[in-house]
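A.B. asks: Quick one: the structure is below, questions incoming.
Residue numbers (the working numbering), protein chains in the order written: chain A, 96 to 209; chain B, 1028 to 1139.
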């Protein structure tokens, strides 16, 4: 069964550095998402992306964050000037956009800011 | 913002027992979904509900979309050790391409 794949599985970065988290959504899917889960908490929406532009973003998704679909397969989340509180699991999800077709999640990237 | 409250927060049960958990909101949702998350992994979809009153099963799992559109429950029958994990409800307010709003989670422990 097709899967959403995310790399790396674990990223350790010094505070203040920039990180890029990568996702390969399921190939025929058109809608892409990033979510965040701080340890022990619920999953929170960050941003949704469709037709090469952001369709919705949460208040968490400020100027520190950006997303890009640089080619036909990858979907990236860039975090600039990382802070300690950016430490979390970051999940990518995708859905085809057809009726009754839900979002499918990758296994996440654990981001640790030191 | 919109919030989904899940209960119970955690459950400790004996293998073979049935489990029931629910999710409530003050807002109306058009879609309810139930996901399971194992440690170090992403949420895996269990059941998706698209119509108020809908009752759907997936093996030993049964979920219902509340008639008021403000709640949903998930039942697991005859629990087994691999049911251990965190169960999240999630809702969408309009379309199935909308963001997911997640509940607070129910942590399930199953003892042999």
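Glycine residues also receive a C-beta, built at the ideal position from the N, C-alpha and C atoms.
Treat the numbers as computed from the prediction; the structure is a model and nothing was measured.
1) Taking only the alpha-carbon atoms, compute the straight-line gap between residue 149/A and residue 124/A and give it to the nearest angstrom.
2) Does the segment 1042 to 1061 of chain B come into contact with the segment 159 to 172 of chain A, if we say contact requires no fewer than three beta-carbon pairs (one atom in each stretch) closer than 8 angstroms?
3) Closer than 9 angstroms, CB to CB, is residue 205/A near chain B or not?
4) If you run the structure through DSSP and keep just helix, strand and coil, what is residue 1082/B?
5) Quick check for students: name the residue ranges of the beta strand (DSSP E) that lie wholly in the segment 113 to 168 of chain A, counting only runs of 3 or more.
6) Take residue 110/A as the anchor and find which of 200/A, 175/A, 194/A has the nearest alpha-carbon.
7) State the DSSP-derived secondary structure class of residue 179/A, mapped to helix, strand or coil.
8) Given that residue 116/A touches chain B, what residues does it touch there, using C-beta distances under 9 angstroms?
9) Under 9 angstroms between C-beta atoms, does residue 1043/B make it to chain A?
10) Take the Cβ of residue 199/A as the centre, count every other Cβ of all protein chains shown within 10 Å, and call the residue buried at 16 or more, exposed below.
11) Residues of chain B with CB closer than 7 angstroms to the CB of residue 192/A, please, in chain order.
C.D. replies: Answer, in terms of the structure:
1) 16 angstroms
2) With a cut-off of 8 angstroms, the segment 159 to 172 of chain A and the segment 1042 to 1061 of chain B do not count as touching, because too few Cβ pairs lie within range.
3) yes
4) strand
5) 114 to 119, 126 to 132, 139 to 145, 148 to 152, 160 to 163
6) Of all alpha-carbon atoms in 200/A, 175/A, 194/A, the one lying nearest the alpha-carbon of residue 110/A is that of 175/A.
7) helix
8) What residue 116/A touches in chain B: nothing, since even the nearest Cβ is about 13 angstroms away.
9) no
10) buried
11) 1124
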